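Encoded as structure tokens, the structure appears first; notes follow it.
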Amino acid sequence: MLKELKTIEIISDYLRQCSVLKEIESITDIYNFFVYLQENKHTFNTLYIYNYLYHFISSNEVAKRKTSARVFEDLLAILFNAQVADTKQRKNLSYEVSDYFINVKDNIASNRREKADVIFTNGYSFSVKTLIAKKIKK
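Under numbering that gives the first Met the number 0, the letters of the sequence shown match residues 0 to 137, in that order.
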């Protein structure tokens, strides 16, 4: 898996040079990248990323073992030049909030800090769970 992630890092650098990948500012940027993959599904780069997703995350053999979200977090961090939050020391973010919320602002910052899975150099972060459009219980 490490060899494959190193190859994806090279692909990511190439896509950044071609301006396909840019600095991530919102979840929409990540969505747009996956739309790009879908629209360019016959290129080597897309096929390699799809192959990784299948073999390490979604194939029946792997999914039955309850694939760790960490595998997907690692992929996203490498693709988008970010860091997995588990590898960083976390600290509360400082926010300017109205006095109305003064009693809960630390709780909000703590919750956001703990929920972030992938953190970008510009400070933007997200939880892998936020990528799920609709939660369906089976």
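Ideal Cβ positions, reconstructed from N, Cα and C, are used throughout, including at glycine. Just so you know, these numbers come straight off a predicted model, no measurement behind them.
Delimiting residues of the alpha helix (DSSP H) encompassing I56: Looking at the DSSP string, I56 is not in any alpha helix (DSSP H), and its letter there is neither H nor E.
When we look at the beta-carbon of D116 and count the other beta-carbons within 10 Å, is it buried (16 or more) or exposed? buried
Determine the direct distance from the alpha carbon of Q37 to that of L46, and round the result to whole angstroms. 10 Å
Are V127 and F79 close, meaning C-beta to C-beta below 9 Å? no
So the alpha helix (DSSP H) I26 belongs to, where does it begin and stop? I26 to E38
Excluding the five sequence neighbours on either side, which residues of its own chain have a C-beta within less than 8 Å of the C-beta of M0, listed in chain order? F55 and V70
Could you round the C-beta distance between N44 and I77 to whole angstroms and report it? I think they count as a contact, below 8 Å. N44 to I77, Cβ: 13 Å. No contact.
So, helix, strand or coil for N110, using DSSP? Residue placement at N110 is flagged as unreliable, the pLDDT there being 48, under the threshold of 50; a coordinate-derived value is accordingly withheld.
Under the rule that 16 or more other beta-carbon atoms within 10 Å means buried, what is S124, buried or exposed? buried
Please identify the residue among N31, Q16 and A62 whose C-alpha is closest to the C-alpha of I23. N31
Report buried or exposed for Y51, applying the criterion of at least 16 other Cβ atoms within 10 angstroms of its Cβ. buried
For the candidate residues Y49, A68, N121 and D73, whose alpha-carbon lies nearest to that of L4? D73
Candidates L14, T27, A84 and T120, of which the one nearest I48 by Cα: L14
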